[in-house]
Amino acid sequence: MSKNLVIVESPAKARTINKYLGKEFQVLASYGHVRDLVPKEGAVDPEHDFQMKYTVIDKNSKHVETIAKAAKKAEALYLATDPDREGEAISWHLYELLQEKKALDGKHVHRVVFHEITKRAIQDAIAHPRELSQPLINAQQARRALDYLVGFNLSPLLWKKISTGLSAGRVQSPALRMIVERELEIEAFQSREYWTVEADVAKDAQGFVAKLHSFDGERLEQFSIENEARAREVEQALLDAAQGKLHVSKVEKKQRRRNPAAPFTTSTLQQEASRKLGFTTQRTMRIAQQLYEGIDLGQGAVGLITYMRTDSVNLSAEAVSEIRETIAERYGKQNVPAKPQVYRTKAKNAQEAHEAIRPTSARNYPEQVRSKLSDEQYKLYELIWKRAVACQMIHATINTVSVDLTAGAHMFRATGSTVADPGFMAVYQEGQDDKKKEAGEKLLPPLQEGEDVDLKALRPEQHFTEPPPRYSEASLVRALEEHGIGRPSTYATIISTLQQRKYTILENRRFKPTDVGRVVNKFLTDHFDKYVDYDFTARLEDDLDAVSRGERDWVPLMKEFWEPFHTRVEEKAKVSREEVMQAREIGTDPKSGRPVSVRIGRFGPFVQIGTKDDEEKPKFAGLRSHQNMDTITLEEALELFKLPRELGETPEGEPIQVNIGRFGPYVRYANKFVSIKEDDPYTISRERALELIAEKKEADANRIIRHFEGTDIQVLRGRYGPYITDGKKNARMPKDREPESLTLEECQELIAKAPAKKGRGTRSGGKRKSS
Numbered sequence: 001m002s003k004n005l006v007i008v009e010s011p012a013k014a015r016t017i018n019k020y021l022g023k024e025f026q027v028l029a030s031y032g033h034v035r036d037l038v039p040k041e042g043a044v045d046p047e048h049d050f051q052m053k054y055t056v057i058d059k060n061s062k063h064v065e066t067i068a069k070a071a072k073k074a075e076a077l078y079l080a081t082d083p084d085r086e087g088e089a090i091s092w093h094l095y096e097l098l099q100e101k102k103a104l105d106g107k108h109v110h111r112v113v114f115h116e117i118t119k120r121a122i123q124d125a126i127a128h129p130r131e132l133s134q135p136l137i138n139a140q141q142a143r144r145a146l147d148y149l150v151g152f153n154l155s156p157l158l159w160k161k162i163s164t165g166l167s168a169g170r171v172q173s174p175a176l177r178m179i180v181e182r183e184l185e186i187e188a189f190q191s192r193e194y195w196t197v198e199a200d201v202a203k204d205a206q207g208f209v210a211k212l213h214s215f216d217g218e219r220l221e222q223f224s225i226e227n228e229a230r231a232r233e234v235e236q237a238l239l240d241a242a243q244g245k246l247h248v249s250k251v252e253k254k255q256r257r258r259n260p261a262a263p264f265t266t267s268t269l270q271q272e273a274s275r276k277l278g279f280t281t282q283r284t285m286r287i288a289q290q291l292y293e294g295i296d297l298g299q300g301a302v303g304l305i306t307y308m309r310t311d312s313v314n315l316s317a318e319a320v321s322e323i324r325e326t327i328a329e330r331y332g333k334q335n336v337p338a339k340p341q342v343y344r345t346k347a348k349n350a351q352e353a354h355e356a357i358r359p360t361s362a363r364n365y366p367e368q369v370r371s372k373l374s375d376e377q378y379k380l381y382e383l384i385w386k387r388a389v390a391c392q393m394i395h396a397t398i399n400t401v402s403v404d405l406t407a408g409a410h411m412f413r414a415t416g417s418t419v420a421d422p423g424f425m426a427v428y429q430e431g432q433d434d435k436k437k438e439a440g441e442k443l444l445p446p447l448q449e450g451e452d453v454d455l456k457a458l459r460p461e462q463h464f465t466e467p468p469p470r471y472s473e474a475s476l477v478r479a480l481e482e483h484g485i486g487r488p489s490t491y492a493t494i495i496s497t498l499q500q501r502k503y504t505i506l507e508n509r510r511f512k513p514t515d516v517g518r519v520v521n522k523f524l525t526d527h528f529d530k531y532v533d534y535d536f537t538a539r540l541e542d543d544l545d546a547v548s549r550g551e552r553d554w555v556p557l558m559k560e561f562w563e564p565f566h567t568r569v570e571e572k573a574k575v576s577r578e579e580v581m582q583a584r585e586i587g588t589d590p591k592s593g594r595p596v597s598v599r600i601g602r603f604g605p606f607v608q609i610g611t612k613d614d615e616e617k618p619k620f621a622g623l624r625s626h627q628n629m630d631t632i633t634l635e636e637a638l639e640l641f642k643l644p645r646e647l648g649e650t651p652e653g654e655p656i657q658v659n660i661g662r663f664g665p666y667v668r669y670a671n672k673f674v675s676i677k678e679d680d681p682y683t684i685s686r687e688r689a690l691e692l693i694a695e696k697k698e699a700d701a702n703r704i705i706r707h708f709e710g711t712d713i714q715v716l717r718g719r720y721g722p723y724i725t726d727g728k729k730n731a732r733m734p735k736d737r738e739p740e741s742l743t744l745e746e747c748q749e750l751i752a753k754a755p756a757k758k759g760r761g762t763r764s765g766g767k768r769k770s771s
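So in UniProt numbering, the last spot in the sequence shown is 771, and the numbers never skip.
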């Protein structure tokens with residue numbers, strides 16, 4: 001029997017730690033959170049200081065029982081969950097449950113934290129335990145209570161006013177607002193024309209490019225040349241003044257330094273992994289978790305990186321020392337600065353962990369551990385290793401040359417650069433979206449003031465201003481961090497929630513709001529503006545951080561939030577659905593004279609002809625996937641009512657109809673359906689429809705293994721192998737029989753024993769709630 005019981009979150013982490021602690025210790029996993037709020041109204045009680053009702057998470061109840069049994073036999077309990085608020089909360093919840101089960105009577109209970117899973121770090125943590133941190137627990141409880149109160153009060157409003165199944169979140173909703181506001185900027189953007197003029201210049205057959213900088217003594221601005229006519233006038237004036245030559249009037253040489261970026265935080269790791277590796281935030285965090293918890297390098301698992309949820313850029317003295325030694329050994333002593341590089345976090349409260357994300361040992365070189373890692377693990381580890389090593393290297397030295405070339409009162413400028421000393425750039429360069437990489441050198445020929453060079457050609461070029469780009473995962477994380485919205489552990493969840501709720505879609509790896517997302521955002525900004533305000537959300541995060549530091553009491557903070565929020569919810573419950581939906585009228589139907597409007601319903605956006613007050617019922621048509629509620633025109637809307645289209649009959653006399661259903665566009669013949677995948681249902685011809693029908697009939701014929709005449713029973717080829725059906729129930733094939741050998745009686749018996757098909761309105765857990 002082990003004297004000491006150690007609890008961590010995951011079994012992988014437990015296996016890694018177990019080998020460092022010896023026979024006196026038993027390491028078990030809680031498998032994440034063990035307790036959460038009861039999933040119903042009243043789980044948080046504002047009337048009694050926000051008391052919270054918890055319940056054991058079903059899937060982890062067996063793990064809690066295992067831990068309780070082991071705790072009763074152990075002499076001491078070490079709670080070794082992650083070193084952040086969530087980890088502290090898991091330890092506290094487990095402690096509370098074990099107390100209830102009388103598993104801790106007379107036991108010593110310790111809280112231990114470590115930021116890397118290495119033998120030294122684990123043994124040091126066990127040797128220096130502490131008490132559970134009540135401020136961290138309070139901060140996590142306050143955050144959970146706030147999220148619960150917002151969700152359980154706003155979401156039902158969204159169901160009543162817009163559509164069932166929607167949700168609003170304290171941090172998710174401001175993030176949605178960012179995406180929608182950027183889309184509105186893009187839609188409102190007015191493109192503007194402008195021209196630039198570049199010169200192809202050469203000296204001694206070495207060509208280079210110079211850009212027109214000033215004309216007639218005046219510096220050019222972006223819109224100084226607004227159209228082609230003016231561009232041609234400028235071109236001719238330059239040609240007349242130059243007469244085939246440009247005069248070198250000024251040569252300016254400088255050296256500048258470029259310093260390495262700080263080691264990774266959660267946010268910057270997610271951004272760089274998105275830009276350089278194409279990883280989503282969730283994928284990045286999943287792989288980082290694997291690297292943190294331990295990889296078997298041949299002598300058992302070892303943690304390769306430090307804890308990956310952090311907003312600190314600090315590095316321990318031991319880590320810096322090892323990194324500097326590694327730089328000297330691999331890249332030469334000249335690349336080690338005289339003093340270590342020190343970085344300061346921009347975050348207001350870098351409390352999630354004490355260190356940046358770094359390799360647990362700089363001597364675990366990426367190429368040496370590559371064979372033990374998956375491809376994606378290797379890519380992320382290499383990124384982390386290079387960034388950490390580069391941050392302690394000397395600056396890069398860049399030689400720059402700026403040359404002014406004149407033709408009368410007009411001046412061109414050419415710039416060039418070379419890397420004099422790559423420094424840290426030999427190992428790593430930051431891949432910012434809005435920064436040009438400096439790896440490539442732009443060389444100019446040696447030029448002397450006072451000499452003339454050949455003007456080979458002038459190139460006036462037309463440009464148009466472009467709207468701001470949609471957010472990528474990297475730029476959204478950066479924006480959230482800059483606004484102080486969310487914390488390192490929440491970015492991936494925010495992004496996945498927006499997609500799961502279908503408030504946004506990813507189009508070319510950029511976020512685009514859906515019509516549902518726009519309507520939800522409009523409702524929240526119109527009626528709960530304060531609670532989707534960026535500054536308000538950031539201040540609340542700061543208040544929660546103050547609770548975690550023990551500087552604020554969480555209950556008064558909750559009251560400050562709840563009382564005005566609850567009042568607003570009660571006020572807005574009286575708002576009519578029509579007022580919330582704000583249908584957009586886009587014109588009049590020329591055939592009926594009735595109004596045409598675009599709205600959103602339970603199954604998404606749709607166009608409506610007429611109103612509910614008309615004698616004739618309104619007509620409805622769903623928008624197509626590429627159409628948008630805010631931009632669809634009357635002409636486009638009326639096109640939607642051309643379905644269903646009648647396309648005549650098949651040669652067998654079956655009527656053909658084209659329409660769009662719940663699962664997409666289709667051709668219907670008799671009572672059968674063929675999905676339309678590549679053709680447009682609004683333009684598909686009868687001939688093409690007949691081709692699809694013929695293909696379907698052939699596929700169906702090939703699908704039938706046996707049909708028993710006079711019955712609906714068939715033996716068919718299915719996606720997962722042969723099966724038996726009567727159209728109402730499906731039965732599996734007996735494993736020891738060939739499909740062709742089954743008799744009618746055997747098939748009838750198998751179908752009778754088969755379970756009934758689940759309808760579209762049911763799930764395994766019961767009937768789906770109606771709206």
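We put the beta carbon where it would ideally sit given N, CA and C, even for glycine.
Rounded to the nearest angstrom, what separates residue i and residue j at their Cα positions?
| i | j | result |
| --- | --- | --- |
| Pro-605 | Gly-593 | 22 Å |
| Glu-636 | Lys-512 | 21 Å |
| Thr-537 | Val-150 | 12 Å |
| Ile-126 | Thr-310 | 22 Å |
| Tyr-428 | Val-532 | 38 Å |
| Glu-646 | Arg-182 | 42 Å |
| Leu-365 | Trp-385 | Before going further, note that residue 365 is Tyr rather than Leu in the sequence given. Answer to the nearest angstrom: the Cα atoms are 8 Å apart. |
| Lys-161 | Phe-152 | 15 Å |
| Leu-444 | Lys-211 | 14 Å |
| Ala-621 | Asn-628 | 13 Å |
| Ile-117 | Asp-124 | 11 Å |
Roughly how far, in whole angstroms, is the beta-carbon of residue i from the beta-carbon of residue j, given that I think they are within contact range, below 8 Å?
| i | j | result |
| --- | --- | --- |
| Thr-631 | Glu-187 | 7 Å |
| Gln-282 | Ser-496 | 6 Å |
| Arg-478 | Arg-510 | Going by Cβ atoms, the distance from Arg-478 to Arg-510 rounds to 14 Å, so no, they are not a contact pair. |
| Asp-515 | Ile-600 | 6 Å |
| His-354 | His-115 | 6 Å |
| Phe-412 | His-247 | Not quite, the Cβ-Cβ distance comes to about 10 Å (not below 8 Å), so this is no contact. |
Please say whether residue j and residue i have beta carbons closer to each other than 8 Å?
| i | j | result |
| --- | --- | --- |
| Met-425 | Ala-388 | no |
| Leu-383 | Leu-239 | no |
| Glu-740 | Ile-705 | yes |
| Asp-679 | Arg-686 | no |
| Arg-703 | Leu-690 | no |
| Ala-390 | Val-403 | no |
| Ile-676 | Phe-641 | no |
| Lys-697 | Leu-157 | no |
| Ala-68 | Leu-21 | no |
| Met-308 | Ala-288 | yes |
| Pro-46 | Trp-554 | no |
Go to residue i, then tell me how far its beta strand (DSSP E) extends in each direction, as first and last residue.
| i | result |
| --- | --- |
| Asp-452 | 452-464 |
| Ser-316 | That residue, Ser-316, is in no beta strand (DSSP E); it is neither H nor E in DSSP. |
| Asn-730 | 730-732 |
| Glu-198 | 193-203 |
| Asn-659 | 655-661 |
| Ser-675 | 672-675 |
| Phe-152 | Per DSSP, Phe-152 belongs to no beta strand (DSSP E); it is in the alpha helix (DSSP H), 134-161. |
Skipping 5 residues on each side, what residues in its chain have a beta carbon closer than 6 Å to that of residue i?
| i | result |
| --- | --- |
| Lys-442 | Gly-416 and Ser-417 |
| Tyr-669 | Thr-650, Glu-654, Ile-656 and Ile-693 |
| Ala-202 | Asp-454 and Lys-456 |
| Arg-35 | Tyr-54, Val-56 and His-93 |
| Phe-523 | Val-580 |
| Val-569 | Asn-153 |
| Gly-484 | Ala-538 and Glu-541 |
Could you check where the alpha helix (DSSP H) with residue i kicks off and where it finishes?
| i | result |
| --- | --- |
| Glu-250 | According to the sequence provided, residue 250 is Lys. The question's Glu does not apply to it. First-last for Lys-250: 245-258, but that is the beta strand (DSSP E), not the alpha helix (DSSP H). |
| His-110 | Premise fails: His-110 lies in the beta strand (DSSP E), 108-111, not in any alpha helix (DSSP H). |
Leaving out the 5 sequence neighbours to the left and right, which residues in its chain are closer than 8 Å to residue i when beta-carbon positions are compared?
| i | result |
| --- | --- |
| Ala-29 | Ile-7, Val-8, Glu-9, Ser-10, Pro-11, Lys-13, Ala-14 and His-63 |
| Lys-19 | Gly-300 and Ala-301 |
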